[in-house]
Amino acid sequence: MPRVTFTQNIQRHVSCPPSEADGKTVREVLERVFAANPRARDYVLDDQGAVRRHMVVFVNGRQIRDRARLSDAVPSDGEVCVMQALSGG
164 MPRVTFTQNI
174 QRHVSCPPSE
184 ADGKTVREVL
194 ERVFAANPRA
204 RDYVLDDQGA
214 VRRHMVVFVN
224 GRQIRDRARL
234 SDAVPSDGEV
244 CVMQALSGG
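Heads up: the sequence shown begins at 164 in the numbering used here, then just goes up one per residue.
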């Protein structure tokens with residue numbers, strides 16, 4: 164079952180401990196995590212269900228490509244990591 168983690172800087176704003184959630188896509192996995200934690204969903208996803216601009220999601224260390232539909236595949240032993248995007252120069 165995929166493991167889902169949120170970085171410490173996100174956890175300062177909203178409680179989101181590491182968890183496991185079944186699913187074949189990023190959307191399926193995150194929606195199962197967010198079903199038990201709607202505040203985390205609102206922090207990570209916008210009103211249309213897309214990843215917010217200040218957030219970034221990785222699957223097994225690779226940034227997802229589909230930030231709108233979250234259709235990237237997640238292997239059954241995969242890790243989904245959610246973090247705040249870095250910007251600046």
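Cβ coordinates follow ideal geometry from the N, Cα and C atoms, glycine included.
- For ARG216, the CB contacts under 8 Å within the same chain, skipping 5 residues up- and downstream, are ALA248 in chain order.
- As computed with DSSP, SER182 is found in a beta bridge with VAL167.
- THR188 and LEU233 have their C-alpha atoms spaced approximately 7 Å apart.
- In the same chain as VAL192, and ignoring 5 residues on each side of it, the C-beta atoms closer than 7 Å to its own belong to PRO165, VAL167, ALA184, GLY186, VAL237, VAL243, in chain order.
- For VAL222, the enclosing beta strand (DSSP E) covers residues 218 to 222.
- Less than 8 Å divides the Cβ of VAL219 from the Cβ of MET246.
- Ranked by how close their Cα comes to the Cα of ILE173, the residues ASP240, GLN226, ARG204 have ARG204 in first place.
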